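To convert a position in the sequence shown, counted from 1, into this note's numbering, add 1.
For every residue, glycine included, the Cβ atom is placed at its ideal position computed from N, Cα and C.
All values reported here derive from a predicted model rather than from experimental measurement.
To start, the structure itself, in structure tokens.
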Amino acid sequence: MHSKKAERKLNVFEKYLTVWVILCIIAGIGVGTAVPGVARYLDGLAIYVNEAPVVSIPIAVCLFFMMYPIMVKIDFAEVLKAGKSVKPVGLTLFANWAIGPFAMYGIALFFLGFLFKDFIGAHAYDFVKLPLGADWDIGSRHGAGIVVLHHNGKMLLVSLWRSYLAGCILLGIAPCTAMVLVWGYLARGNDGHTLVMVAINSLSMLVLYGLLGGFLLGVGRIPVPWKALVLSIVMYVALPLVAGYFSRKWLINLKGKAWFEEKFLHFMTPVSIVALLVTLILLFSFKGEIILIKPITILWIAVPLFIHTNLVFWITYSLAKVLKFSYENAAPSAMIGASNNFEVAIATSTMLFGLASGSSLATVVGVLIEVPTMLFLVYLCKKTRNWFPSDDLQTKEYVM
């Protein structure tokens, strides 16, 4: 018999995240249609380099508060304990960096670049920001794009499907460091392993995210804005990581660990989601016209994302069985491998290609399908629990 403690639940923000996202899409489209100048004004409040907007200040604030609550939860002391579970950590890293990114590129390219290309529009184009500091001549070609004069200044004109592909790539190379804590918790996995992997993922992203992102974007013939990519990692991974680490230490020393975990983290959890939702309203205020004209665009992007999540999950889950993992380690390993850090992907896409780009729209579709897809995989994990041996220490926690 399971105890009440075993009934692990999402809070109202997490449980209905898909609903909130849909409401923000509607709100964003409404704002973009009714008062289009508001979103353009807010996006115009930016830091400029060579007369080109590089960082939108309102968006940067939203994105920081999206990432900080995630980073402040991490106890990096747990990383030192990772040596006790080398195989689960190794498998999760393999899934995150050797399987996930390349699987995403292949699946997204097949669906967006071939199967759905005519539905998206073989001759549909997107305007994206030039790489940070670039002053390319109008008419010059870079990768699969051409520099044109837009009302926002010089922009790179690329095929719309390639812009969507870029967003999918940014999702595929971003291992989850936030909601995965919830998925592992709901699946009744080893919370310690999940926490260790969140810390390791956050640190490994500082190096591997930029390298893999640059490589796969280049393979996709999308000009790689290296300076902006590095700046994005610094602003939206390194800065929240450092701020989270030091503020965590300071608050625990000042107020104690019990207050920090029961009061402060409880307060910060919805902050991340609220910041995400505000960002989505701004994003869809720009993309509302496309959604109204071609609402099925969301479906074309969602299909490869859904397939990628399930494929990586089953590959990792199957390897965990072959390696004779306990269920408590197998479930979170597969969950971490399958889920994506949409917060980092949205932040990076906004920095690299602009808030109004097709790439940013694709990263938001990742948010839209994340919750229902991962809840489905949590259900599958619990149904297949008997495929794996159980860790006695974990079992005692859940069974009376």
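| Item | Value |
| --- | --- |
| Please give me, in chain order, every unbroken run of the alpha helix (DSSP H) with length at least 4 that falls completely inside the region 237-311. | 240-256 and 266-294 |
| Does the contact criterion of 3 or more C-beta pairs under 8 angstroms hold for the region 124-133 versus the region 60-71? | no |
| Within a Cβ cutoff of 7 angstroms, which residues of the same chain sit near Ala28, ignoring the five residues on either side of it in sequence? | Ile282 |
| Can you give me the start and stop residues for the beta strand (DSSP E) that His194 sits inside? | Unbroken run through His194 is the alpha helix (DSSP H), Asp192 to Val220; no beta strand (DSSP E). |
| Note the first and the last residue of the continuous alpha helix (DSSP H) segment covering Leu161. | Leu161 to Gly173 |
| Might you give, ordered along the chain, the residues of its own chain that have their beta carbon closer than 7 angstroms to the beta carbon of Asp76, omitting 5 neighbours on each side? | Leu196 |
| With a threshold of 16 other CB atoms inside 10 Å of the CB of Gly91, please say whether the residue is buried or exposed. | exposed |
| Are there three or more Cβ pairs, one per stretch, closer than 8 angstroms when the region 139-155 is compared with the region 305-324? | no |
| Does the region 185-196 touch the region 372-392, meaning 3 or more C-beta pairs lie closer than 8 angstroms? | yes |
| Quick one: using the 10 Å Cβ neighbour count with 16 as the cut-off for buried, is His194 buried or exposed? | buried |
| Can you tell me whether Arg386 is helix, strand or coil according to DSSP? | helix |
| Below 8 angstroms on the Cβ atoms is my guess for Ile60 versus Thr349; work out the distance and round it to an integer in Å. | About 12 angstroms; that fails the 8 angstroms criterion. |
| For Ala125, which residues in the same chain have their Cβ closer than 8 angstroms to its Cβ, ignoring the five residues on either side in sequence? | Ser160, Leu161 and Trp162 |
| Applying the 10 Å Cβ sphere with the 16-neighbour rule, what's the burial state of Val181? | buried |
| Since Ala335 contacts Thr317 with CB under 8 angstroms, what's their CB separation in whole angstroms? | 4 angstroms |
| Can you list, in chain order, the residues of its chain with a C-beta nearer than 6 angstroms to that of Met269? Leave out the 5 residues immediately preceding and following it. | Pro70 |
| Tell me the rounded alpha-carbon separation between Gly33 and Leu217. | 32 angstroms |
| Do you know how far the Cα of Arg222 is from the Cα of Leu394? | In this prediction, Leu394 has a pLDDT of 46, which is less than 50 and means its spatial position is unreliable; what the coordinates show is noted afterwards. C-alpha separation (whole angstroms): 50 angstroms. |
| Are the CB atoms of Thr19 and Leu369 nearer to each other than 8 angstroms? | yes |
| Rounded to the nearest angstrom, what separates Ala276 and Ile234 at their Cα positions? | 18 angstroms |
| Which residues bound the beta strand (DSSP E) around Val129? | Tyr126 to Val129 |
| Cβ of Gly214 within 8 angstroms of Cβ of Leu171? | yes |
| Going by the beta-carbon positions, is the gap between His232 and Met352 smaller than 8 angstroms? | Residue 232 is actually Leu in this sequence, not His. In this structure, Met352 lies closer than 8 angstroms to Leu232 by Cβ. |
| Could you say which of Gly144, Phe112 and Val62 lies nearest to Leu300 if we only look at CA atoms? | Phe112 |
| Return the Cβ separation of Ile337 and Met198 in integer angstroms, given the expectation that the two are a contact with Cβ distance under 8 angstroms. | 5 angstroms |
| Lys6 to Ser286, Cα distance in whole Å? | Its pLDDT being 41, under 50, Lys6 is placed unreliably by the model, and the measurement read from it follows with that caveat. Approximately 42 angstroms, taken between the alpha carbons. |
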